[in-house]
Every structure is written in structure tokens, then in C-alpha cells.
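*Asks:*
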Amino acid sequence: MHMKYGIVQGSAPKIEEIMERLKKNKEANEDFLRSWMMIAMSTFLCPPTSLGISPRCYPALMDLSTVKNLNWCRFVVDQLKDAAKKIDKKNSIRGCILFLVILYADSLMVQNVDIPTTR
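In terms of numbering that gives the first Met the number 0, the sequence shown opens at residue 0 and continues consecutively.
#1: Cα separation between V100 and D30?
#2: According to DSSP, G51 sits in a beta bridge with which residue or residues?
#3: Taking contact to mean 3 or more Cβ pairs, one atom from each stretch, closer than 8 Å, check whether the segment 36-44 and the segment 53-66 are in contact.
#4: By DSSP, does K67 sit in helix, in strand, or in coil?
Okay, here's the thing in C-alpha cells:
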């Protein structure tokens with residue numbers, strides 16, 4: 000996988016490079032799924048602070064037959080916890096911003112707005 004996707008020690012492939020690879024792929028094969036997952040993870044689920052593919056997604060993409068069994072909710076929360084622990088050391092934060100927005104909106108107490116819960 001490292002050679003195929005241009006993963007060099009200390010250097011991740013750029014999101015733009017994987018996007019181009021995805022556009023050129025005309026088949027629904029493992030390469031398409033792996034590229035799509037790299038993009039989804041690096042732009043939505045656990046975006047890094049750089050423009051490269053997040054190295055945190057590599058383990059999940061080694062064996063594509065296990066992707067459907069992974070606990071993606073736990074993955075997103077674990078990534079946010081890890082980022083929160085490092086917030087004093089860095090001037091930026093990474094993680095699924097949409098999850099944080101939904102969590103914040105869910106905690107608001109707004110008068111005259113009744114949102115039914117599905118729990």
C-alpha cells in the first residue's frame with residue numbers, strides 16, 4: 000500500500016493527489032474504496048491540520064474486508080479526545096468539526112423550540 004499510494008516515511012500523499020486518483024478510477028474496486036475512504040477520513044472524519052492524507056487512517060485501510068465492522072463513532076470520538084489532550088501544545092485542533100457542532104447544538108436550551116428525541 001505504501002508504494003501504491005506514494006506513502007513515504009514522514010510524508011503523506013496530498014489529498015489532491017488521492018482525489019485525482021479517485022477521479023481516474025472508473026471501476027468500483029479496492030483501489031476506489033481505499034482512495035474514497037482516505038478522502039472521507041482525511042476531510043471529514045479526522046481531518047489533519049495539513050493538506051496530506053491523515054496517517055491515522057492507514058490501519059483501517061490495510062484490510063478492506065474489515066471496514067464495515069469498524070466502530071467509526073468510536074474512532075471519531077477517540078480522535079477528538081486525542082486532539083483535546085494536545086490542545087495546549089498546538090495552536091490548532093483537528094477532528095470531526097461537524098460532530099462538535101452537532102454536540103453543541105444538541106446541548107442548547109432554546110425556548111419555543113421543541114426537537115423530539117429519537118432515544
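Ideal placement from N, C-alpha and C gives every residue a C-beta, glycine not left out.
A quick note: this is a predicted structure, and the numbers were derived from the prediction, not measured.
*Replies:* Here's the rundown:
#1: Residue mapping note: residue 100 aligns to position 101 of the sequence shown, counting from 1. Residue mapping note: residue 30 aligns to position 31 of the sequence shown, counting from 1. Approximately 32 Å between the Cα atoms of the pair.
#2: The count along the sequence shown starts at 1 and reaches residue 51 at position 52. For G51, which the question treats as bridged, DSSP gives the partners K13.
#3: yes
#4: On the sequence shown, position 68 is the one that residue 67 refers to. Residue state, collapsed to three classes: helix.
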